[in-house]
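Peer 1: My questions all concern the structure below.
Here is the structure:
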């Protein structure tokens, strides 16, 4: 449970506007989640794109217990944070994420539907 005003996500760039119940999901860039093929943190265009996304975030969602949970904050190397306020979620619940299978690490379980 996090209080209003808490900072979350990689770099603590996302500030909560209200109290939230959150879940930390152990998947991140190291697994290939939300990796973009053209992303390079040293190119000016990518620095500007990251800044733009910090100011005007693109919303991504996970499915936890059959319900949609918004991923809040920036994706970290090893985890993401989901807003599970109002969801009946508990530790150990399965999380379903949509990702590009080409960019995922070989250790990530793939299930195609």
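Numbering (the working numbering), first residue to last: 300 to 412.
Backbone N, C-alpha and C fix where the C-beta goes; we use that ideal spot for every residue, glycine too.
By DSSP's criteria, residue 314 is part of a beta bridge. Which residues make up the other side?
Peer 2: Beta-bridge pairing links residue 314 to 306.
Peer 1: Using CA atoms only, rank isn't needed, just tell me which of 402, 387, 373 is closest to residue 309.
Peer 2: With distances taken between Cα atoms, residue 309 lies closest to 373.
Peer 1: Between the alpha carbons of residue 383 and residue 344, how many angstroms are there, rounded?
Peer 2: When rounded, the distance between both Cα atoms is 33 Å.
Peer 1: Return the residue from the list 304, 301, 324 that minimises the CA-CA distance to residue 361.
Peer 2: Of 304, 301, 324, the residue nearest in Cα terms is 324.
Peer 1: How would you label residue 393, buried or exposed, when you count the other beta carbons within 10 angstroms and need 16 or more for buried?
Peer 2: So residue 393 counts as exposed.
Peer 1: Helix, strand or coil: which one does DSSP assign to residue 343?
Peer 2: In the structure shown, residue 343 sits in a helix (DSSP, three-state: H, G or I).
Peer 1: Have a look at residue 318 and residue 365 and give me their C-alpha separation to the nearest angstrom.
Peer 2: Near 23 Å, if we compare the C-alpha coordinates of residue 365 and residue 318.
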